[in-house]
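Right, one structure below, let's go through it.
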Amino acid sequence: MAKKGFYSIVSLFAVLSVILAGCGAKSSTEASSSPKAAATAATTAAPTSAPTEAPKKEVTLTIGSAEIPHSEILNFVKPKLKEQGINLVVKVTDEGLLNQLLKDKQIDANYFQHVPYFDSVKTEKGFDFVNPIKVHVEPIGFYSTKLKSKDDIKDGAKIGIPNNPSNEYRALVLLQQQGLIKLKDGLTTYQATPKDIVSNPKNLKFVEAEAPTLARSLQDLDGAVINTNIIIEAKIDPKTALFREDANSPYANVITVRKGDENRDEIKKLGAALTSPEVKKFIQDKYGVAVVPAF
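So the sequence shown is numbered by this note's numbering: it starts at 2 and just counts up by one.
Written out as structure tokens, the structure reads:
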């Protein structure tokens, strides 16, 4: 009887084990087939990262430039252009080479010349360029280390003027505006020399020289008409000019590019940056009367 009872208890435990095993298998299967559980398992097993945005491609724009004020104005807009994906490279180079470098596609643009100068050389040199951006005017002025005013200019005074065609005309026109000489009528090409003077009441003697040498030669002259950028480079205060051009001068310094490149997006962005209110304030604050915004 005791033996029979023992077997009954063993049998009962066996049945319970089978039932519990079946329930455990079912629970495991249900867990693995549950969508929520599967998603959790997948996330744990293979975490995914959010897609990253591809970096914008930066465009390099190389500009050949005169040193002052041209390169300083360009460097001022560098950070603004950098934000727009344009890496502005400014190369200060001999001004006599800048148009040829542009023609040879060694630079994307240049910034050193005013419109009359450009007009005087483009046909002769065969430059197929355009000037889409007017930036500033450097009013040419009359300087002297010996005279205090225009009225001090004596008979036979020795006056220095630039010897390149457009600036020589410009200097003579300034002297004409001051009543010191009179040029013959009909000069429409921005070119003139002392030979075109028809009235010279003070018998002024003209010394034609390379513009950069005039500032260094002031002590040998009674006075000279000198470009403002040269005056700044020579550390002469532009306010010491006895007289100068006014803001209506046609001699705006321009950004020059090869024809067709004025439509490039980066050139348009350069133009927008250079003619912004921030640049106007920068020019006025830094240069005063020496440089005048042309926009």
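From the three backbone atoms N, C-alpha and C, an ideal C-beta is built for every residue, glycine too. Note that the structure is a prediction, hence the values are computed from the model and not measured.
Drop a sphere of 10 angstroms on the beta-carbon of residue i, count the other beta-carbons inside from all chains shown, and report buried for 16 or more, exposed for fewer.
i, result
"Asn254", "buried"
"Lys270", "buried"
"Leu188", "exposed"
"Arg245", "buried"
"Ser150", "exposed"
"Asn100", "buried"
"Pro251", "exposed"
"Gly127", "exposed"
"Ala43", "Any reading at Ala43 must be qualified, since the residue scores a pLDDT of 43, below 50, and its modelled position is unreliable; the value itself is stated next. Exposed."
"Pro294", "buried"
"Gly97", "exposed"
"Gly142", "buried"
"Glu125", "exposed"
"Asp221", "exposed"
"Asp109", "buried"
"Arg217", "exposed"
"Glu267", "buried"
"Asn111", "buried"
"Pro239", "buried"
In three-state terms, what does DSSP make of residue i?
i, result
"Val122", "helix"
"Thr308", "Only positions 2 to 296 of the chain appear in this structure, which leaves residue 308 out of reach."
"Gly23", "With a pLDDT of 44 at Gly23, under the threshold of 50, the modelled position of this residue cannot be trusted, and the question is left open."
"Leu188", "coil"
"Phe283", "helix"
"Phe77", "helix"
"Ala295", "coil"
"Ala32", "For Ala32, the predicted model reports a pLDDT of 38, less than 50, meaning its position is unreliable; a value from the coordinates is still stated below. In this structure, Ala32 counts as helix in the three-state DSSP scheme."
"Ala242", "coil"
"Arg171", "helix"
"Ile69", "helix"
"Gly86", "coil"
"Leu275", "helix"
"Glu267", "helix"
"Leu215", "helix"
"Leu222", "coil"
"Gly289", "helix"
"Gly161", "strand"
"Asn100", "helix"
"Ala40", "Note on Ala40: pLDDT 43, under 50, position unreliable in the model; the coordinate value appears next. Reduced to three states, the DSSP call for Ala40 is helix."
"Glu59", "coil"
"Lys304", "Because the chain is modelled from 2 through 296, residue 304 falls outside the range shown and cannot be assessed."
"Lys196", "helix"
"Ala46", "Any reading at Ala46 must be qualified, since the residue scores a pLDDT of 47, below 50, and its modelled position is unreliable; the value itself is stated next. Reduced to three states, the DSSP call for Ala46 is helix."
What residue from the options has the CA that sits closest to residue i's CA?
i, options, result
"Ile232", "Thr146, Thr190 and Glu263", "Thr146"
"Gly180", "Gln192, Val199 and Ala193", "Val199"
"Lys206", "Pro213, Asp223 and Tyr191", "Asp223"
"Gly86", "His71, Asp221, Lys58 and Val131", "Lys58"
"Phe296", "Leu243, Glu246, Pro133 and Val122", "Pro133"
"Ala158", "Asp120, Leu219, Val136 and Leu102", "Leu219"
"Gly289", "Leu184, Arg171, Ile256 and His137", "His137"
"Pro202", "Leu176, Asn230, Asp186 and Arg265", "Leu176"
"Lys92", "Asp221, Pro278 and His71", "His71"
"Tyr144", "Leu243, Gln178, Lys83 and Asp105", "Leu243"
"Ile284", "Ile69, Ile64 and Asp156", "Ile69"
"Ala212", "Lys196, Asp262, Asn230 and Asp197", "Asn230"
"Pro117", "Ser167, Leu62, Asn111 and Lys104", "Ser167"
"Asp95", "Val78, Ala67 and Asp247", "Ala67"
"Asn264", "Val131, Ile237 and Glu234", "Val131"
"Val60", "Leu75, Phe77 and Leu82", "Leu82"
Rounded to whole angstroms, how far is the Cβ of residue i from the Cβ of residue j, which I believe are closer than 8 Å?
i, j, result
"Val226", "Ile154", "Their Cβ separation, rounded to whole angstroms, is 12 Å, which puts Val226 and Ile154 out of contact at 8 Å."
"Glu139", "Asn228", "6 Å"
"Thr257", "Gln114", "7 Å"
"Gln178", "Ser121", "That pair is no contact at about 21 Å."
"Leu102", "Gly65", "5 Å"
"Asp197", "Leu184", "5 Å"
Could you tell me whether the Cβ of residue i comes closer than 9 Å to any Cβ of chain E?
i, result
"Gly127", "Note that chain E does not occur in the displayed structure, where there is just one protein chain."
Contained beta strand (DSSP E) runs [length at least 3] in the region 108–152, N- to C-terminal order: 110–115, 130–138 and 142–144
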